[in-house]
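Residue numbers (this note's numbering): 195 to 612.
If you want it as structure tokens, here you go:
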């Protein structure tokens, strides 16, 4: 099995997301919000770069650990692959439960739940810190004899499978399927912030783990999605580190050394006794659900859609095994992709700094990637396309958008896409 699962799965993921989007357009069901979708997809591009970096970091550690395995299992054997998949699925349940039930785990996992929608764009909004924590749970598979490369590849494959249940368009399936498989119905419950659904259905593939360990809940009432204390921002850095910031602030504020240490592993929401209870943001006003929306720059939607599709090849230059870029070039491009997602969030929130940042990002990415591709003797068409993208982006920013400093619209209308 190859470590390149993410790159191989990208076309499948994009095709499935586009199919769901098309269905929602036809049905006019309002399952997609433009602002939420752009924020999720921008974060997804950034996160995929981090996933690959973490896997490359963990592989040497798993390789060293594998030397202590009492035997070596053949990863090409169908029986071994099934056993490895079941092992990953079982350990994922406990990793996922840890991500909801401890302060440090929730800090790493909560960005995935920060969106107030549920669709295939949402499925791609993942935390940049969560993946490193996940590998702390999978090391027993290496110790029992599975090759490290096979473990990391199976973890990636398992993650791709979890993309499928993140939808509202698939209704409940026949009971015999719902009894063992983590279906979209089960996962809707997991993403809901209804009181009856909090901390339920942690399964990745087999829902039987939740049934066995007492965390199962059936979908019996309409779901409301998101955090009980909403993020109220599209900024990927804020979304990824809000919960971390609150933990650090509490650890610094408490006067007890023991509390500074144990706050990280205590149940989610726990605070030291010498600190006041934290006021919870509420997601309803007079009993009606209120979703976050912002005042975006006028005329920005077409530009952001264009840049979203244009960002995919840049992501593959970081994540694909056949990329001609060197290691440091991939790191630099990953940072530029982070700046990209940040600039997009600023445009969605009419931030004064968003267009200058996007202009700088486009210039840096276009010039640097073109030079890198030429220096790596990549096919000439690649550098030509990059240069063309640069020119189109600059024209769009400076002419169609009117340049930095354009006055944003005064109205604040909920951002609905469909």
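By construction, the Cβ of each residue, glycine as well, lies at the ideal position given by its N, Cα and C atoms.
Taking all protein chains shown into account, do 16 or more other C-beta atoms lie within 10 angstroms of the C-beta of residue 541, making it buried, or fewer, making it exposed?
-> buried
Straight-line Cα distance separating residue 460 from residue 203 | 36 Å
Among residues of its own chain, excluding the 5 on either side of residue 603, which ones have a beta-carbon nearer than 6 Å to its beta-carbon?
-> Bear in mind that a pLDDT of 47 at residue 603, under 50, signals an unreliable position, so the number given afterwards is only what the model happens to contain. Closer than 6 Å at Cβ, skipping near neighbours: 492.
Would you kindly work out how many angstroms separate the C-alpha atoms of residue 296 and residue 370, rounded to a whole number?
-> 33 Å
Note down the Cα distance separating residue 480 from residue 286, rounded to an integer number of angstroms.
-> Unreliable placement is indicated for residue 480, whose pLDDT of 49 sits below 50; the coordinate value is still reported in the next sentence. For residue 480 and residue 286, the distance between alpha carbons rounds to 38 Å.
In three-state terms, what does DSSP make of residue 214?
-> helix
Does the distance from the CB of residue 431 to the CB of residue 532 come in under 9 Å?
-> yes
Backbone CA spacing between residue 327 and residue 298 [nearest angstrom] | 10 Å
Could you check which residue in 510, 425, 258 has the C-alpha nearest to that of residue 524?
-> 510
Helix, strand or coil: how does DSSP classify residue 206 here?
-> helix
Can you have a look at residue 387 and say buried or exposed, based on whether 16 or more other CB atoms are within 10 angstroms of its CB?
-> buried
Specify the secondary structure class of residue 386 as computed by DSSP and reduced to three states.
-> strand
Where do the N-terminal and C-terminal ends of the alpha helix (DSSP H) with residue 236 fall, by residue?
-> 228 to 260
Hey, would you say residue 392 sits closer than 9 Å to residue 308, going by beta carbons?
-> no
Measure the alpha-carbon distance for residue 534 versus residue 559 and round it to whole angstroms.
-> 10 Å
Could you have a look at residue 296 and say whether DSSP puts it in helix, strand or coil?
-> strand
Going straight from the alpha carbon of residue 330 to that of residue 288, what length do you get?
-> 11 Å
Take the Cβ of residue 257 as the centre, count every other Cβ of all protein chains shown within 10 Å, and call the residue buried at 16 or more, exposed below.
-> exposed
Sort out for me which residues DSSP pairs residue 419 with in a bridge.
-> 386
Assign residue 549 to one of two classes, buried (16 or more other C-beta atoms within 10 Å of its C-beta) or exposed (fewer than that).
-> buried
Ignore the nearest five residues each way along the sequence and tell me which others in residue 444's own chain have a CB closer than 8 Å to its CB.
-> 457, 465, 466, 469
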